[in-house]
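In my numbering, the protein residues as written are 855 to 905.
Cβ coordinates follow ideal geometry from the N, Cα and C atoms, glycine included.
No experiment lies behind these values; they were computed from the predicted model shown.
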């Protein structure tokens, strides 16, 4: 992610750093960050785009 995209993420989602817990961050249709937790599992689908 470049500085402009980080700034937009901060302003739009109030994210100042990589969040704790489950998250999925995409940039231009590509994953740039993903994390699952014990209670929330983020998995990639094989039959359709998205999660």
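{"query": "7 Å Cβ cutoff met for residue 894 and residue 867", "result": "no"}
{"query": "Sequence-distant residues of the same chain with beta carbon closer than 7 Å to residue 887, five excluded per side", "result": "872, 877, 879"}
{"query": "Euclidean distance between Cα positions of residue 865 and residue 902", "result": "30 Å"}
{"query": "Range of the contiguous beta strand (DSSP E) that encloses residue 885", "result": "884 to 889"}
{"query": "Residue 866 (DSSP reduced to helix, strand or coil)", "result": "helix"}
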